[in-house]
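Chemist:
2 protein chains.
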Amino acid sequence: MNSSELTIAIVGATGAVGRVALDLLEERRHPAANIVAMASSRSAGKRLPYAGTELTVIEAKPDAFHGVDVAFISASSEVSKRLAPEAVKRGSLVIDDGSAFRMEDAVPLVVPEVNGADVAWHSGIISIPNCTTTPLVMVLDALRSISPITAVTVATYQAVTGTGAAADLELMTQSHAVLDDRDVVVDQYPHQIAFNVLPQVDDFLSNGYTKEEEKMLNESRKILHDPALRLASTCVRVPVRVSHSEAVTVEFQNPVSPGEARSVLDRAKGVIVVDDPHNSVYPMPLSAAGRDEVHVGRIREDIAHDNGLSLWLSCDNLRKGAALNALQILDEVLKRDCLKPAGLTARI
Amino acid sequence: MNSSELTIAIVGATGAVGRVALDLLEERRHPAANIVAMASSRSAGKRLPYAGTELTVIEAKPDAFHGVDVAFISASSEVSKRLAPEAVKRGSLVIDDGSAFRMEDAVPLVVPEVNGADVAWHSGIISIPNCTTTPLVMVLDALRSISPITAVTVATYQAVTGTGAAADLELMTQSHAVLDDRDVVVDQYPHQIAFNVLPQVDDFLSNGYTKEEEKMLNESRKILHDPALRLASTCVRVPVRVSHSEAVTVEFQNPVSPGEARSVLDRAKGVIVVDDPHNSVYPMPLSAAGRDEVHVGRIREDIAHDNGLSLWLSCDNLRKGAALNALQILDEVLKRDCLKPAGLTARI
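Residue numbers (my numbering), protein chains in the order written: chain A, 1 to 348; chain B, 1 to 348.
Listed below in structure tokens is the structure:
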């Protein structure tokens, strides 16, 4: 089956990720007739431009999934929890962008370049990782082919669209207010984000880490099939619209030279080495935005640890970090002919 | 001798750091008659407001240092290299904000809270560290009282005023242009800084690190008197006006609990613990700006390393990172009665 023959529902079609999902389907020339744009009742009736025509948004509710082959859900965890089982009941494969199901044993968590084969054992839901985890595991997976990884330290620089379209609007509105010397209104984050930096992404846990930082650890372990991986991160929101960046230090069992690392990263699918620092060529959010690949650069020896390597990456959080990864999971599912859960035939 | 009896020259008085130096002297009620505001010939004749009166900027040239007891130079390295020896020749103590002399054997590099005693052996020039090094060594110095440090990993989030007033103007101008959908003009940095993040501060060395990252290592070693310290950093410019932030991981010889760390940092001079994350209380550039202390928070166990600790700090790069540190060095010099170099009497 070709993906363009499928009826695909985009749940959260009016959101930051939903819009990019539609862009990507348009790039792939997916027929408008086979797309169902869904959102909350508030957005129902809205029209979204698509490939020279328009899609009318319908309310995302259980019965809307009749006839839907694949539902890509990018909304709140609550919406995912409520609608995903209903969609599965009606025969849809759900590809979920939220954190609701990621760590469930029955749900594959997939970055196709790393663990594409995991799609085969889904029971109706496949999760995509958090948008900071995806580029990181792609890089770590390539590097561990040289030597086993013993520790990973990450500091992130995360764009506001990771929160959603409302946060993007807030960054713009606040920036305007600062430039005009007007009062800044704070709504999406605990503090002003314009011309500021927030060392908080998601809520805090009792150990002093945030849920975002915990996700990065647990999701990386699941995707890499490495439950003992040691990884600590500091997740930070920066006043950038699109693309997350990460300063990463990787420690290995054996020495790994920057040259070896560059060479395996160069060959890794979905990764581009952007590393000519003497000409000021390195990954940046502005240049990674709108691109499909993870940009990796500043690859150098970690001078603080034996067998360590430092690098810097930027990746479009809406594309590879979300919508593109979802469509690539669908490609993987079709390639492996596992659109329906393996157990479904037996159950019917 | 009281510092207010001294004639103090501010070289680079019209720059971002120079203006803060004047603010601080005004806060200390230093008499206007004892301040000489100097800048390049381009700025000579400009008037700067000071304590209800005005200072007239004069050109910074060798003869201008006659009668100057203390010259605080915050300009380019070239200016420091040219003028500092001339000022010393004319009897001034030079406190230099640039990188020109920091690593010279005859020049103390001082953060008073850490190595104030080093002012005693100056030969006319005392350097102040780079504005990312100062807050870091204050934190490291406090922490090493619990256990020896074995490795430090840092990722920075640096404000544009670290580059100077022109870069601050560029951030504002570029932000305006982006909001108005006009073309962005790039001058101060290799790329647009508004709504972007640049993993480059200063030029690159052959080992893939930048000079800024090398400075952080070498200066920390010199100030902490620990030539074997292992420290690796990734220095990143972010679209923030004032205050540098740093995500820091410190590894120790023995276990160090977050509680112990919080307790020694709480007692450390010039450091404030800002660490109530469940109420979204943590250091941020916006809240550290205009404050004298290093703000430290998000103190937690490093889950990737045995005996590791992670934390986050923000510090006003113009105050403690530059002008305030300079004035505190002067206080230290006066306290130790070493305004004139120890060797000078012998040489005359």
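Just so you know, even glycine gets a beta-carbon here, dropped at the ideal spot from N, CA and C.
#1: Can you tell me which of B/Ala13, B/Ala159, B/Ile128, B/Ser40 puts its alpha carbon nearest to the alpha carbon of B/Glu219?
#2: What are the residues in the stretch 213 to 243 of chain B lying within 8 Å of chain A by C-beta distance?
#3: Can you list, in chain order, the residues of the stretch 184 to 213 of chain A whose Cβ is nearer than 7 Å to any Cβ on chain B?
#4: Quick one: Cα of A/Phe101 to Cα of A/Val107, how far?
#5: Which residues in the same chain have their Cβ closer than 8 Å to the Cβ of A/Leu397, if we skip the five residues on either side of it in sequence?
#6: Does DSSP put B/Thr56 in a helix, a strand or coil?
#7: Counting pairs of beta carbons, one from the stretch 201 to 219 of chain B and one from the stretch 162 to 171 of chain A, are three or more of them closer than 8 Å?
#8: With a threshold of 8 Å between beta-carbons, can B/Ala165 be considered close to chain A, or not?
#9: Between the Cα of B/Asn207 and the Cα atoms of A/Pro190, A/Gly259, A/Val238, A/Arg221, which residue gives the shortest distance?
#10: What would DSSP say about B/Met103, mapped onto helix, strand or coil?
#11: Based on Cα-Cα distance, which residue from A/Val139, A/Pro199, A/Pro341 lies nearest to A/Val114?
#12: In chain order, what residues of the same chain have a beta carbon less than 7 Å from the beta carbon of A/Leu318, not counting five sequence neighbours either side?
#13: Is it right to say A/His182 is buried, meaning 16 or more other beta carbons lie within 10 angstroms of its own, or is it exposed?
#14: Show which residues of chain E have a CB atom less than 7 Å away from the CB atom of B/Trp312.
#15: Let's test the definition: count the other Cβ atoms within 10 Å of the Cβ of A/Lys401 and tell me whether it reaches 16, buried, or not, exposed.
#16: On the three-state DSSP scale, how would you describe B/Thr150?
#17: Mapping DSSP to helix, strand and coil, what is B/Ile349?
#18: Measuring CB atoms only, is the stretch 297 to 307 of chain B touching the stretch 317 to 331 of chain B, in the sense that at least three cross pairs come out at less than 8 Å?
#19: Short of 7 Å in beta carbon distance, which residues of its chain neighbour B/Thr153, apart from the five on each side in sequence? Order them along the chain.
#20: Can you find a CB in chain A that lies within less than 8 Å of the CB of B/Asp168?
#21: CB-CB under 7 Å to A/Ile125, same chain, minus the five flanking residues each way: which ones, in chain order?
#22: Strictly below 7 Å CB to CB, what residues from chain B border A/Pro285?
#23: Quick one: is A/Ala167 buried, meaning 16 or more other Cβ sit within 10 Å of its Cβ, or exposed?
#24: What does a CB cutoff of less than 6 Å around A/His30 pick up in its chain, not counting 5 residues either side in sequence?
#25: Applying the criterion that 16 or more other CB atoms from any shown protein chain within 10 Å of the CB defines a buried residue, is A/Ala342 buried or exposed?
#26: If you compare alpha carbons, which of A/Val111, A/Ser40, A/Ala44, A/Ile8 is closest to A/Ala322?
#27: Identify which residue in B/Glu104, B/Asp105, B/Val70 has its Cα closest to the Cα of B/Gly91.
#28: Which residue marks the beginning of the beta strand (DSSP E) containing A/Ser40, and which one marks its end?
#29: Spatial neighbours of A/Val264 within its chain, please: CB distance less than 7 Å, with the 5 preceding and 5 following residues excluded, ordered by chain position.
#30: Using CA coordinates, which residue listed in A/Val178, A/Leu286, A/Asp331, A/Ile272 is at the minimum distance from A/Leu311?
#31: Determine whether the beta carbon atoms of A/Ala194 and A/Val178 lie at a separation below 8 Å.
#32: Looking at the secondary structure, which residues open and close the beta strand (DSSP E) in which B/His122 lies?
#33: Is there at least one Cβ from chain B nearer than 8 Å to A/Ile303's Cβ?
#34: Output needed for B/Thr234: all residues of its chain with C-beta closer than 6 Å, excluding positions within five of it in sequence on either side, in chain order.
#35: Note down, in chain order, every chain A residue with its Cβ under 8 Å from the Cβ of B/Met172.
#36: Rounded to a whole number of angstroms, what is the C-alpha to C-alpha distance between B/Ser287 and A/Leu339?
Modeler: In short, the structure shows the following:
#1: Selected option, being the one with the closest Cα: B/Ile128.
#2: Cβ contacts with chain A: Leu217, Arg230, Leu231, Ala232, Thr234, Val236, Val238, Pro239, Val240, Arg241.
#3: Pro190, His191, Gln192, Phe195, Asn196, Val197, Leu198, Pro199, Gln200, Phe204, Asn207, Gly208, Tyr209
#4: 7 Å
#5: Absent from the structure is residue 397 of chain A, since the part of chain A shown begins at 1 and ends at 348.
#6: strand
#7: no
#8: no
#9: Nearest C-alpha to B/Asn207 among A/Pro190, A/Gly259, A/Val238, A/Arg221: A/Gly259.
#10: coil
#11: Ranking the options by Cα distance to A/Val114, first place goes to A/Val139.
#12: Ala16, Val17, Val20, Thr161, Val242
#13: Just to set this straight, residue 182 of chain A is Arg in the shown sequence, not His. Per the 10 Å Cβ criterion, exposed.
#14: Of the protein chains in this structure, namely A and B, none is chain E.
#15: Because chain A in this structure spans residues 1 to 348, residue 401 of chain A falls outside the shown range and cannot be described.
#16: strand
#17: No information on residue 349 of chain B is available, as it lies outside the stretch 1 to 348 that chain B covers here.
#18: no
#19: Ala232, Thr249
#20: The beta carbon of B/Asp168 sits no closer than 8 Å to any beta carbon of chain A.
#21: Ala84, Val88, Val94, Asp96, Phe101, Val107
#22: Asn196, Val197
#23: Buried is the label assigned to A/Ala167, since at least 16 other Cβ atoms lie within 10 Å of its Cβ.
#24: Ser4
#25: exposed
#26: Here the closest residue by C-alpha is A/Val111.
#27: B/Val70
#28: No beta strand (DSSP E) holds A/Ser40; DSSP gives it neither H nor E.
#29: Within the same chain, A/Val264 has close Cβ partners Ala142, Leu143, Ser145, Ile146.
#30: A/Ile272
#31: It is a contact, given that the beta carbons lie within the stated cut-off.
#32: Neither: B/His122 is in no beta strand (DSSP E) and is coded neither H nor E.
#33: yes
#34: Ala155
#35: Leu179
#36: 51 Å
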